[in-house]
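Q:
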Amino acid sequence: MSDQSFKGSLITSRLIASLATRTTLETPGVLRLEPTIQGFLARLGPAALQNLRKPGSQDGTYRQNGVPATISDGTARVHLDIATDIAYTALDVAETVRRRVRENISHTGLTPGTIDVTIVAIEPHRRATML
Amino acid sequence: MALEDIPRLGCGRSIDRIWATIDRPPTAHEEHCEQCQTARTRLQRLGEATRLLRQSDLHDPALKPRPGIKNAIMDVARAEVRRGSSILLRSADNGTTEISEQALSSLIRIAAAAIPGVHSRRCRIEIRSASLPGEDRPSGTTGTTTTARPRLIVNLWVAAAQGIIIPRTMEALRQKISNALPACVGISAGTVNITVEDLYDV
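Chains as they are written, first to last, in the numbering used here: chain A, 7 to 137; chain B, 2 to 203.
Listed below in structure tokens is the structure:
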């Protein structure tokens, strides 16, 4: 793992993934994070995940609910697959998510790197009116 | 596997062929061929052992999946379908924003569902993207922003209700899609081609 020590504390890629997950889910207009196969296997157990990993993939990447986060040279990078509420403009939601995740990463003392966002679904919220 | 690698009996019949027909009565050749009869007997034993093992696994509590596992698998499967291919909407130093074609297709179908007398069928989206460095930088962002500004070509096939005025209804549908894409995604619709390929009874 490429965990980074900072002022006596240890910031792990697991923490960054968790932080990004929580920040994303708290952003207005985000309905959910989309699950990934690797995230699903991670929930099943470490053995299942190990079977999927290729040798050499132990590069400090961690996935929390399918969110991969990587720390390298003091810079944290995250990829997020999100579903957005149809009542919001998806591009604006993605931009807000990126800004908030970057802010929260900077609070850990790490440098926020690229925060890539993929909008996988746009759906009506359960109680929202259609278009 | 090359043809000569297929395991064959001395009579020339392949083991695979005998295995594939093991549940059926023996053929005329197999009734008289000693090698085929021996192979069938052995394969039937193997088949029975396989069946028993399968039955045993079905009722083994240690192999029962945890509650909710099926739903979790289906969630992942649906998400993988939704991922499909993606369109780059925005690229900058601080990250990229992409959208899946499936998300756009779903949005267009939702828009079509709001027009009475229209049932959407297939939807195909083509992209002509032209990167324009430094344009449309959203407020609050820093660094170099490249907005991919994809030009969408939406091709939608629909069925129309009998009795509706098709040109007027399709214009309303085109307008609905043209409004939905900027409002819900933040990009312009570009070209919207609609093909009425069928009529349905109301």
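Think of the CB as a built atom: it goes at the ideal place given N, C-alpha and C, for glycine as much as any other residue. Just so we're clear, the structure is a prediction, and the values are computed from it rather than from any experiment.
Between which residues of its own chain and G135 of chain B is the CB-CB distance below 6 Å, once the five residues before and five after are set aside?
A: Any answer about G135 of chain B is weak, because its pLDDT of 45 lies below 50 and its placement is not dependable; what the coordinates show is given next. Nothing listed; no residue qualifies.
Q: Just by C-beta distance, which residues in the segment 91 to 105 of chain A are closer than 7 Å to chain B?
A: Answer in chain order: I92, T95, A96, L97, D98, A100, E101, R104, R105.
Q: According to DSSP, which residues form a beta bridge with L89 of chain B?
A: Beta-bridge pairing links L89 of chain B to B:E99.
Q: At 7 Å on the CB atoms, spell out the chain E contacts of T120 of chain A, in chain order.
A: Given the protein chain composition of this structure (A and B), no chain E is represented.
Q: Quick one: does A82 of chain A have its CB under 7 Å from some CB of chain B?
A: It does not: the Cβ of A82 of chain A has no partner Cβ on chain B nearer than 7 Å.
Q: Give the single residue among B:I74, B:L90, B:L53, B:I16 whose Cα lies nearest to the Cα of A190 of chain B.
A: Ranking the options by Cα distance to A190 of chain B, first place goes to B:L90.
Q: Run through chain A and tell me which residues come within less than 7 Å of C185 of chain B, C-beta to C-beta.
A: The contacting residues are I92, T95, A96, I128.
Q: By DSSP, does R83 of chain A sit in helix, in strand, or in coil?
A: Strand.
Q: By a C-beta neighbour count over all protein chains shown, 10 Å radius and 16 as the cutoff for buried, is V126 of chain A buried or exposed?
A: By the neighbour-count rule (16 or more Cβ atoms within 10 Å), V126 of chain A is buried.
Q: Nearest chain A C-beta to L108 of chain B closer than 7 Å, yes or no?
A: It does; some Cβ of chain A falls within 7 Å.
Q: Tell me the DSSP secondary structure of A115 of chain B in three-state form.
A: Of the three classes helix, strand and coil, the one that applies to A115 of chain B here is coil, per DSSP.
Q: Pull up the distance between the alpha-carbon of T107 of chain A and that of H120 of chain B, whole angstroms please.
A: The amino acid occupying residue 107 of chain A in the given sequence is Val; Thr does not appear at that position. Looking at the two C-alpha atoms, the distance is approximately 40 Å.
Q: With the cut-off set at 7 Å, would you say T98 of chain B and V123 of chain A are in Cβ contact?
A: Yes, Cβ-Cβ distance for T98 of chain B and V123 of chain A is below 7 Å.
Q: Just to confirm before moving on: does the CB-CB distance between I22 of chain A and A75 of chain A stay below 7 Å?
A: The answer is yes: Cβ separation under 7 Å.
Q: Identify the contact partners of E102 of chain B in chain A, using a Cβ-Cβ distance below 8 Å as the criterion.
A: Within 8 Å Cβ-Cβ: nothing; E102 of chain B doesn't reach chain A, min ~10 Å.
Q: Name the one or two DSSP bridge partners that S19 of chain A has.
A: Note: S19 of chain A sits in no beta bridge, so no partner.
Q: Just verifying my parser: in three-state terms, what is the DSSP assignment at G119 of chain A?
A: Reduced to three states, the DSSP call for G119 of chain A is strand.
Q: Sort B:A80, B:R123, B:I165 by Cα distance to I138 of chain A and report the nearest one.
A: Past the edges of chain A, shown from 7 to 137, lies residue 138 of chain A, and the structure says nothing about it.
Q: For R152 of chain B, list the residues DSSP reports as bridge partners.
A: Paired residue(s): B:R129.
Q: If you measure beta-carbon to beta-carbon, which residues of the segment 46 to 66 of chain B are closer than 8 Å to chain A?
A: The segment 46 to 66 of chain B vs chain A, Cβ under 8 Å: nothing.
Q: State the start and end residues of the unbroken beta strand (DSSP E) segment that holds V73 of chain A.
A: That run of the beta strand (DSSP E) goes 73 to 78.
Q: Closest to D98 of chain A by C-alpha separation, out of B:Q163, B:L54, B:A184, would be which residue?
A: If we check each option's Cα against that of D98 of chain A, B:A184 comes out closest.
Q: How would you list, in chain order, the residues of chain B whose beta-carbon sits under 9 Å from the beta-carbon of T42 of chain A?
A: The answer, in chain order, is V77, A80, E81, R84.
Q: DSSP state of T90 of chain A, grouped into three classes?
A: Strand, per DSSP.
Q: Using a Cβ cut-off of 7 Å, pull out every chain B residue sitting near I111 of chain A, in sequence order please.
A: Going along chain B, no residue has its Cβ under 7 Å from I111 of chain A, so there is no contact; the nearest lies around 11 Å.
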